[in-house]
């Protein structure tokens, strides 16, 4: 009598998370975009210039008080060291903590410092970034931060790595407006229409007209539609008897439907081959 073989457990398929994805505590990957190295460098340069101007302003005020004899010379030397710590460490930490990761430079480039899970930063994160920022931004003129940012997935600088933070993009591009569909009076024509491959130059003009015709003046819109119909005539069969603007809208919708069907069929064929 044969001994039954133990059943080996089937390996579970793991969820693949790429290095630049943000995973929340509920294991949900967020669709966020980190700021690139160039924009981060531009924002850091703006912040550094602001800090330098603030420091120079304080030193100028202290020298003026020294000149009129209000404060002694030793006090100016001590104040210059204290101001260095305040302007280049305490001020950035306070600003990032109070504004939840914002600063003047980050506002200018459309960024915000967040935790690795996408949440708002606190004092601990800002303090670590501020302390290391003296080394990688002030003392090395940003070269160390630039080098580290070029080799990290989210363009993180040295202070971001132990703090567990990165710069998130807050200015996302607007979604394109929905394109107009097939005109109601052209459905019967669309069922038998044959729209051949339109040259790219005409296709771009066709898409631009379909997307922005509502913002054009009526005479200019009518002329543009008539010109497009004349150029589309060799590629459309049968050419419908309708207003030029209606014809252009119908041809644009027919081309979109054809491309959608082509992409759908290609996706289905790939799915069948990979089963």
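Residue numbers (the working numbering): 139 to 413.
The C-beta atom is built at its ideal place from N, Cα and C for all residues, glycine as well.
As the structure is a computational prediction, the values presented were derived from the model and not from experiment.
- In this structure, the CA atom of residue 180 is about 48 Å from the CA atom of residue 364.
- When the alpha-carbon of residue 255 is set against those of 211, 301, 290 and 247, the nearest one is in 301.
- Residue 184 sits in a helix when the DSSP states are folded into three classes.
- Here residue 199 is not near residue 235, since their CB atoms are 8 Å or more apart.
- With a cutoff of 8 Å on beta-carbon distance, residue 270 and residue 296 are scored as near each other.
- The DSSP-derived three-state label of residue 223 is helix.
- Counting along the chain, the unbroken beta strand (DSSP E) around residue 306 starts and ends at 303-307.
- Boundaries cannot be given for residue 207, as no alpha helix (DSSP H) includes it and DSSP labels it neither H nor E.
- Under the three-state reduction of DSSP output, residue 332 falls in the strand class.
- In this model, residue 406 and residue 291 are separated by some 33 Å (Cα to Cα).
- Taking the Cα of residue 190 as reference, the smallest distance to any Cα among 208, 275, 250 and 252 is reached at 275.
- Secondary structure in the region 255-298: the alpha helix (DSSP H) runs of 4 residues or longer, each lying completely within the stretch, are 261-271 and 281-288 in chain order.
- Of the candidates 324, 171, 172 and 283, 324 places its Cα closest to the Cα of residue 378.
- Residue 306 is classed as buried because its beta carbon has at least 16 other beta carbons within 10 Å across all chains shown.
- With a cut-off of 8 Å on Cβ pairs, the region 277-286 is not in contact with the region 200-218, counting fewer than three such pairs.
- Contact between residue 374 and residue 389 is confirmed by a C-beta separation of about 6 Å, below the 8 Å threshold.
- Contact between residue 303 and residue 249 is ruled out by a C-beta separation of about 12 Å, above the 8 Å threshold.
- Remark: C-beta atoms of residue 188 and residue 242 approach each other more closely than 8 Å.
- According to the DSSP assignment, residue 393 belongs to the alpha helix (DSSP H) that extends over 382-411.
- Where residue 240 is concerned, there is no enclosing alpha helix (DSSP H), because DSSP gives it neither an H nor an E.
- For residue 252 and residue 345, the gap between their C-alpha atoms comes out near 39 Å.
- Counting along the chain, residue 251 sits inside the beta strand (DSSP E) bounded by residues 249-253.
- Comparing C-alpha distances from residue 182 to each of 294, 203 and 204 shows the shortest one belongs to 294.
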